[in-house]
Structures are given as structure tokens and as C-alpha cells.
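So the sequences go chain by chain: A and B.
The working numbering puts the first sequence at residues 1 to 434.
The working numbering puts the second sequence at residues 1 to 314.
As C-alpha cells, the structure follows; a few thoughts come after it.
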Amino acid sequence: MRGWRTLFPNAWYVAVREYRSRARSRSFVIGTVLLGVIAFAATQLPVIIDLSMSTSQTRIAVVVQASGMPSDSVTMLDTQLNGQSTNAAAHKAFAITWLPGKDLAATQAALEAGKYDALLVVDRGASNDLAFALRTDMPQDGSAVQSISAALDSLEIEDRLNREGTSTAALLGPFSLTVSPINGTSADTISLSNEVSTSLLSTGLIVLIFMAIVTYGVWVAMSVAEEKGSRVMELMLNATTPLQMLSGKLIGNGAAGLTQYGIILIAVVGGLLAEGPIHQLVLGSNTGSQFGGLSPAVLAAFVVLFVLGFTLYSLLYAALGSLVSRQEDVQSATSPLMVLIMLGYFMSVFGLQSIDETWVKVASFVPFFSPYLMLARVSAGHVEAWEFGLAVLLLLAAIVVALFVAARIYSAGVLLYGQRVSLREVLKAARVSR
Amino acid sequence: MSLLIDSVSKRFGEVQALDSVSLQIEPGEIFGFLGANGAGKTTAMRIVLDILRPDAGTIAWNGIANTDLPRETWGYLPEERGLYAKMTVLDQLVFFAKLHGVKPKAAERETRDWLERFRIPEYADRRAEQLSKGNQQKVQFIAAILHDPQVLLMDEPFTGLDPVNVAILKQAFLEMKDRGKTLVFSTHQMETVEELCESIAILDRGRVVVGGSVREVRRSTGRQVVRVAVQGDLEMAWLGTLEGVRVTRRGQDYLEAEVAGGHDPGSILRAALARGCEVRHFEMMDPSLEQIFIEHVGQIDMSERTLAPKAAHA
């Protein structure tokens with residue numbers, strides 16, 4: 001196996017060729033532009049939603065029964081809900097009627113009469129924190145209730161700051177908000193904490209890895225099958241070693257995939273940055289966008305797991321791609337791998353709900369699942385440094401094994417032509433191939 | 001100092017593709033590989049190139065095992081032709097040359113030079129898929145020689161080319177030979193072999209049935225072939241009655257007869273003159289490679305024989 005010693009520069013030449021032919025293909029250009037536009041549009045969704053809602057107005061009555069509210073409570077709530085507006089005539093999504101110390105029963109009657117859309121009662125609860133009760137028929141997970149809930153969180157923090165003797169830990173702690181229907185009795189408590197946004201974030205990151213492996217892994221399999229189908233393979237086999245070809249394909253297609261990812265990412269970041277000004281332009285107010293929960297450590301873990309996970313799966317994709325003679329057969333040949341990928345993905349989706357379960361911990365070290373599950377654990381913050389290190393080491397070891405196996409299957413598979421080459425034939429051929 | 005193939009065997013499942021094949025190919029010669037389809041020619045080439053590993057046996061070039069030789073020793077034109085369809089001719093030729101260690105600048109210069117010689121310089125910037133099959137084949141031949149390999153292995157290089165391009169390719173063969181390269185190619189076209197090759201080997205079901213210099217092989221049977229034409233007697237019925245003489249072919253205005261070993265071909269001429277015939281043509285030859293091939297391998301698949309020489313054969 002002299003190929004192990006002389007990987008470069010041939011692997012590099014192959015990578016450059018793969019990258020160019022991929023990046024210049026029509027499907028790549030169209031796909032990238034389309035996905036970029038979609039990603040940008042998605043970031044502008046809040047503007048579109050706000051725009052569609054700008055004709056309607058949510059009327060809220062606020063009855064304050066608590067004492068010692070922050071003095072700027074009224075302005076603060078207004079700013080939080082309606083945004084910082086320089087234009088006095090700008091449309092307000094929320095009309096807030098501030099009724100400090102007002103009779104609760106009278107307001108309740110007005111609410112039931114349809115004078116208001118929501119009634120907010122502010123009181124003091126446990127450990128002297130502000131406690132909020134919201135009566136409304138608006139959907140609890142709707143954007144209006146979400147906005148109110150977020151605004152109240154700020155109010156709570158402000159109040160805690162004003163009171164003395166509040167520890168920093170308690171400052172950002174959960175606060176109490178009960179939401180109940182206007183005429184009903186059932187109450188639901190929304191407890192806002194960082195947990196929600198992190199699980200959303202880790203789901204997002206896991207989906208990113210999942211999509212990359214499925215999409216770009218298939219590219220690798222396709223490019224192997226293409227060479228086999230066009231019979232250029234034999235020329236290549238005389239010019240390079242299977243290992244050089246395999247590595248080149250991984251690097252080239254991986255880089256092309258990352259390019260597409262990068263462009264989409266730029267569209268997303270650009271969209272988020274542009275969201276404020278666009279919002280200002282269209283609606284005359286600026287709510288500002290919210291990043292959060294994405295620490296550099298999580299981002300670093302994501303990059304490491306992304307690259308390693310992609311490498312591992314792509315090796316297998318290349319090996320399976322070498323078993324078929326035509327590109328049309330790639331789909332069916334790689335379906336076993338798809339099952340494995342889906343398994344890891346679903347494990348991580350369920351694992352997010354129970355991040356501290358033993359099976360999640362164990363599975364987060366298994367190479368084929370660690371790109372998802374270890375990432376989930378890292379973003380949840382429930383992981384020791386050595387655990388991450390161990391998962392990465394195991395992943396690297398798996399890549400070395402996969403490289404060896406894939407190169408063997410590959411060098412045997414690329415010369416076998418036929419309807420569908422069975423794995424047994426390949427393994428037999430692999431034993432004697434170079 | 002030669003290409004030595006020593007007792008190489010290779011089995012694919014039930015099929016014994018190569019059965020203890022031994023060959024010696026001298027440096028600087030053009031060597032022809034003959035055999036019916038499935039005789040093992042392609043397998044032998046792949047094994048020499050170290051694309052496949054033999055079950056037994058060794059291959060050495062100038063005393064160095066093929067597993068230890070750098071890849072650029074070999075130039076290979078595979079039987080299954082293929083190029084990157086979407087790449088331009090120039091791009092992919094430079095790409096292949098770079099893989100063999102040629103500097104990009106030199107690769108481009110060489111490529112343009114060869115395209116010129118093959119009369120397709122205007123195709124340098126076309127995508128491979130826009131070329132005709134024959135032109136693609138020429139591009140592939142260039143891909144095989146760009147890195148100036150010592151040994152060229154070509155699997156049926158002439159199939160699919162029109163007569164003009166066959167002539168151009170033959171010219172290129174001779175030029176490579178002049179440069180001191182060793183050329184090995186397989187073919188079904190006996191005329192080409194007789195024209196170009198110094199030595200041949202006929203493979204049948206994985207075994208070398210005949211091998212050596214073309215002259216030796218043709219003389220190996222001990223028989224002679226006589227072509228004779230006489231004025232006014234197309235039948236020449238008397239020819240078959242001569243001892244050791246057998247009519248093998250009836251042409252438009254001549255006959256070909258085989259004279260068994262130990263008999264004098266001149267007896268035919270004497271017999272004709274004795275009969276008072278006016279002899280217009282008399283020629284003594286060694287049996288053609290085609291006859292020897294048929295003798296050893298059996299009837300060639302007719303479709304191949306008639307299609308192979310000039311017309312396309314996919």
C-alpha cells in the first residue's frame with residue numbers, strides 16, 4: 001500500500017477537480033442561490049408577520065396590585081411590546097391601558113364584554129417576586145402571548161434589580177406567568193428559562209449536521225458512481241491510488257458543501273443584520289433581533305463534530321457508491337446508510353428531551369451517533385471536557401478504520417461492473433486488491 | 001532488461017482468467033496481444049499495471065517488481081473508454097498529466113502539441129461530451145502518453161477509428177517506438193499486428209498458446225501458403241490432387257493453398273507449368289497470423305472479424 005505514503009499532491013489535484021466540477025455545475029449554482037434566498041427570506045419572517053399584523057391591535061388592560069413597581073414600568077412595557085419608535089404616528093401592535101390599583105372585578109367585566117383582548121394582573125408572589133396572571137383567549141403559543149411573556153421577563157428583571165439583596169443567580173431565574181382563558185378556569189404556567197432557547201438551538205445545529213451529511217455525502221457517492229459510469233475510472237486508477245482518489249473526493253466535495261453552507265450562512269447572518277433596518281423601513285419601528293445561546297464553545301464543538309461526522313459518513317458513502325455502475329442506482333445502494341443516519345438523528349431528537357439519561361450518554365460516545373448526540377449534550381451544557389475529548393477520539397479512530405475499509409471496498413468495487421454488485425463479491429475481491 | 005510476466009494466474013470465481021501466463025516483452029518493441037474476447041487480455045494488462053493483484057506470479061520491468069514501480073512508468077489506454085464529460089479536453093489532459101507528476105505548464109504545452117499532431121487543435125477548449133467517439137479516443141491516447149511513460153499498454157486502441165485516424169494512430173505508435181518506448185497493445189486486427197508488431201502472444205482462455213516474434217510464429221507451423229493464379233482456369237481442380245496440398249481459399253481470380261510441412265511448395269508451380277498453364281501469379285508465404293489464430297483459438301466470432309478491421313466496434 002504505497003498509497004498511504006504518497007497521498008499528496010495527487011489527492012489535492014483530485015480535490016481541486018472535484019471542487020471545480022461540483023461548484024461549476026448548474027445544480028450547485030441554482031441550489032445555492034435558491035437556498036440562500038430562502039434563508040434570507042426566512043430571517044425576514046418577523047417583519048412579514050409584523051406587517052400582516054400591523055393592521056390589527058391587541059388591547060391589553062394592566063391591573064397592578066403589586067406595590068413598588070419600577071417607576072418606568074409603563075414606558076418599558078410599551079417599548080418592549082411596540083418597539084423603539086421615533087415616529088409618533090407609527091402603528092402600535094399593542095394598546096396598553098395602565099390601571100394601577102383599579103378594581104379588578106370591573107376590568108374583568110370589561111374584558112368579558114370584549115373591551116380588551118387580554119387582562120394582565122400584576123401582584124407579588126413568592127420571595128417578593130412579581131407574579132403575572134394573563135387572561136386571554138389568544139393562543140398561548142401565539143406570537144402575541146410570546147411577546148407579552150418576553151416583555152414581562154424584562155420587567156421582572158428590572159424589578160429584581162431595583163430590590164436589594166437579589167443574588168445574580170436569582171436575577172435571571174424563571175419568573176411566574178399564568179395564562180388562562182377569559183371565561184375558563186384552567187391555568188397554564190409558562191416558565192421561561194434559557195432551557196427553551198438552547199434546545200431550539202441544539203435542534204437547529206443537529207439539523208444542520210444531518211442535512212450536510214445527507215446532502216453532501218450523497219455527492220461523494222454520486223461522484224464515485226459518475227466516474228464508474230463514464231468509465232473514466234480506469235484512467236484514474238492508473239494515475240492515482242484508490243486512497244488518493246478517495247481522500248481527494250472527500251476533500252473536494254466536502255469543501256464544495258461547506259461553500260454552499262457558508263453562502264447560506266452569510267445569507268442568514270446578513271438577513272438577521274438587515275432585519276432591523278428593513279423592519280424600520282417597512283413598519284417604522286425596530287424590535288431588534290435576538291441572537292442568543294450560541295457560545296464560542298458550542299460553535300467550536302459544532303465545527304469539530306461537523307467535519308468529523310461528515311468525513312466518517314462520506315467515507316461510507318464513497319464505498320457504497322463504488323458498488324453501483326450507474327448514478328441512478330446510488331439511491332438504493334446507499335439506503336442502508338440512510339437508515340443509520342436517520343437513527344442517529346432521531347436518537348438525538350428524542351435525546352434532547354432527556355439529555356441526562358444513561359442511554360443518551362452512552363450513545364453520545366458511539367462514533368456514528370456522537371456527531372448528533374455529543375453536540376446535543378454540549379449545547380445543553382451537560383458535558384465534561386474529557387467526555388467531549390473521548391467522543392472525538394473515538395470518532396477519529398472510527399474514521400481511520402472506515403478509511404481503511406472504504407479504500408479496500410472502493411478499490412475492489414470500482415472495477416466490478418454489473419447490475420448490482422453484492423457485498424460478498426466485493427469483500428472477496430477486496431481481499432486480493434491492492 | 002525487459003517486461004517480464006512470470007507464471008501469472010488470476011481466478012474470478014469460477015473463471016480462470018489467467019492460467020500461469022509467462023511472457024517476455026523486450027524494451028523498445030511493439031508487442032501484440034491477440035485473443036478472442038474473454039481470453040484474458042484486459043486482465044493481464046490490469047495486472048501488469050497493478051490495478052489488479054494476481055493470485056500467483058510476478059511482473060517486473062527492468063528487474064523491478066511492478067508493485068515497486070512509480071505509476072508514471074506506465075501509460076494506459078483502457079478498453080472501456082471514458083473521459084470526464086463536462087471537462088474541457090485541455091483541462092482534463094492537464095489534470096491527468098499532473099496526476100503523473102508533470103508540471104502544469106509543460107503538460108499544457110505537450111497537450112497542445114499532441115492535439116495539433118492529431119489534427120484536433122481546435123478541440124482544446126471543448127467539453128469532452130461534445131467530441132465524436134473517434135476524437136475522444138484520440139484524446140484518451142494523448143492522456144496515456146502525456147507523462148512520457150516507458151511502457152504503453154493499450155487495450156484495443158484501433159477499434160472505432162476511421163481509416164484516416166487509424167493511420168494517424170499508427171504513425172504515433174511508430175513515433176513512440178522511435179523514442180524508445182515499449183508498446184503493448186491488444187487487438188483483433190491481424191493486419192495491424194503484422195504491420196506493426198515485432199512480437200506477439202496469442203491468448204486463449206487464460207493461457208498463452210503461441211508466442212514469440214511474428215516471423216517465428218508464422219513459421220512455427222512448418223506449412224507454407226501458396227497463392228496462384230493461372231490464365232483461363234479458375235477452378236484449377238488439379239491443385240487438390242497434389243500430395244500435401246489443400247486449397248484453403250478461393251479468391252476472385254486466384255486460389256490459395258496450404259502446403260503441409262515436408263512438401264515443396266514449388267511442386268505447385270512445376271505442376272502448373274507441366275500442364276501448360278499460363279501462370280500469372282505465384283507467391284509463397286508463411287501462413288498469415290489470422291490462419292494461425294484460427295487454428296489455435298478456433299473460429300473467431302464472425303461479427304468481430306468483419307466489423308473489427310475498419311468500422312466501429314463498440
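A virtual CB, placed ideally from N, CA and C, is assigned to each residue, including glycine.
Whether residue i touches residue j by CB criterion (8 Å)
| i | j | result |
| --- | --- | --- |
| VAL324/A | ALA318/A | no |
| GLN244/A | VAL29/A | no |
| ALA143/B | MET154/B | no |
| LEU203/B | LYS10/B | no |
| SER154/A | LEU177/A | no |
| LEU77/B | PRO149/B | no |
| GLY200/B | GLY32/B | Residue identity differs from the one stated: residue 200/B is Ile in this sequence, not Gly. Yes, Cβ-Cβ distance for ILE200/B and GLY32/B is below 8 Å. |
| ASN162/A | PRO100/A | no |
| GLY321/A | VAL220/A | yes |
| ILE209/A | ARG135/A | no |
| LEU146/B | PHE96/B | yes |
| SER379/A | LEU205/A | yes |
| GLY180/B | LEU235/A | no |
| ALA61/A | ALA256/A | no |
| SER2/B | GLN24/B | yes |
| ARG111/B | LEU93/B | Rather than Arg, the amino acid found at residue 111/B in this sequence is Thr. Cβ distance < 8 Å, so THR111/B and LEU93/B count as in contact. |
Where residue i falls: helix, strand or coil (DSSP)
| i | result |
| --- | --- |
| PRO283/B | The displayed chain sequence assigns Glu, not Pro, to residue 283/B. Strand. |
| VAL232/A | coil |
| PRO277/A | helix |
| SER223/A | helix |
| ALA319/A | helix |
| GLY75/B | strand |
| GLY211/B | strand |
| LEU90/B | helix |
| LEU172/A | coil |
| PHE8/A | coil |
| THR241/A | coil |
| ARG326/A | coil |
| ARG81/B | coil |
| ASP6/B | strand |
| SER303/B | Because SER303/B sits at a pLDDT of 42, beneath the cut-off of 50, its placement in the model cannot be relied upon, and the following sentence gives the value as read from the coordinates. DSSP places SER303/B in helix when its eight states are reduced to three. |
Residue range of the unbroken alpha helix (DSSP H) whose run includes residue i
| i | result |
| --- | --- |
| SER127/A | That residue, SER127/A, is in no alpha helix (DSSP H); it is neither H nor E in DSSP. |
| THR292/B | In the sequence as presented, Thr is not what sits at residue 292/B; that position holds Ile. Run containing ILE292/B: 289-297, per the alpha helix (DSSP H) assignment. |
| PRO104/B | 104-117 |
| TRP238/B | Premise fails: TRP238/B is in no alpha helix (DSSP H) and is neither H nor E. |
| THR107/A | 104-112 |
| ALA93/A | Where ALA93/A is concerned, there is no enclosing alpha helix (DSSP H), given that its DSSP letter is neither H nor E. |
Proximal residues of chain A, C-beta to C-beta of residue i below 7 Å
| i | result |
| --- | --- |
| ARG81/B | ARG231 |
| ALA260/B | Under the 7 Å cutoff, chain A gives no residues; its nearest Cβ is about 45 Å from ALA260/B. |
Chain-ordered chain A contacts of residue i [CB-CB under 8 Å]
| i | result |
| --- | --- |
| LEU239/B | None at all; the shortest Cβ gap to chain A is about 50 Å. |
| MET176/B | Chain A residues near MET176/B: none, gap ~17 Å exceeds 8 Å. |
| PRO287/B | By Cβ distance, chain A contributes nothing, its closest Cβ being about 35 Å from PRO287/B, past 8 Å. |
| TYR76/B | GLU234, LEU235, ASN238 |
| ILE51/B | GLU234, LEU237, ASN238, LEU415, ARG434 |
Neighbouring residues, chain B, relative to residue i (Cβ below 7 Å)
| i | result |
| --- | --- |
| ALA461/A | The requested residue 461/A does not occur in the structure, where chain A is confined to residues 1 to 434. |
| TYR13/A | PHE95, LYS98, LEU99 |
| ARG17/A | PHE95 |
| ASN10/A | LEU99 |
| LEU172/A | Chain B residues near LEU172/A: none, gap ~56 Å exceeds 7 Å. |
Start-to-end residues for the beta strand (DSSP E) that takes in residue i
| i | result |
| --- | --- |
| GLU258/B | 255-259 |
| GLN224/B | 224-230 |
| ILE145/B | It is not in any beta strand (DSSP E) - ILE145/B instead sits in the alpha helix (DSSP H) that spans 133-145. |
| ARG127/B | Taken as a continuous stretch (DSSP letters only), ARG127/B belongs to no beta strand (DSSP E), as it is neither H nor E. |
| ARG250/B | 245-250 |
| LEU69/B | Run containing LEU69/B: none; DSSP gives neither H nor E here. |
Proximity test, residue i beta-carbon vs the ligand GDP heavy atom, cut-off 7 Å
| i | result |
| --- | --- |
| ARG223/B | With respect to the ligand GDP, the structure offers nothing, as it holds no ligand at all. |
Neighbour list for residue i in chain B, Cβ cutoff strictly below 8 Å
| i | result |
| --- | --- |
| SER21/A | TYR84, LYS86, MET87 |
| GLU328/A | Neighbours of GLU328/A on chain B: none; closest Cβ ~16 Å, over 8 Å. |
Partner residues on chain A for residue i, Cβ-Cβ distance less than 9 Å
| i | result |
| --- | --- |
| TRP114/B | Ordered by position in chain A, no residue passes the 9 Å Cβ test against TRP114/B, which lies about 16 Å from the chain. |
| PRO157/B | Within 9 Å Cβ-Cβ: nothing; PRO157/B doesn't reach chain A, min ~14 Å. |
| ILE5/B | By Cβ distance, chain A contributes nothing, its closest Cβ being about 17 Å from ILE5/B, past 9 Å. |
| TYR123/B | Within chain A, no residue comes near TYR123/B; the closest Cβ sits about 17 Å away, beyond 9 Å. |
| ALA143/B | LEU235, ALA239 |
Beta strand (DSSP E) segments (min. 3 residues) lying fully within the stretch 151-201 of chain B
151-155, 182-187
Residue ranges of each alpha helix (DSSP H) run of no fewer than 4 residues wholly in the stretch 329-417 of chain A, ordered along the chain?
330-333, 335-353, 358-363, 370-380, 385-413
Could you give the uninterrupted runs of the beta strand (DSSP E) lying entirely in the stretch 8-60 of chain B, keeping only those of 3 residues or more?
15-25, 30-35
What runs of the beta strand (DSSP E), each 3 residues or longer, lie entirely inside the stretch 13-84 of chain A?
58-64
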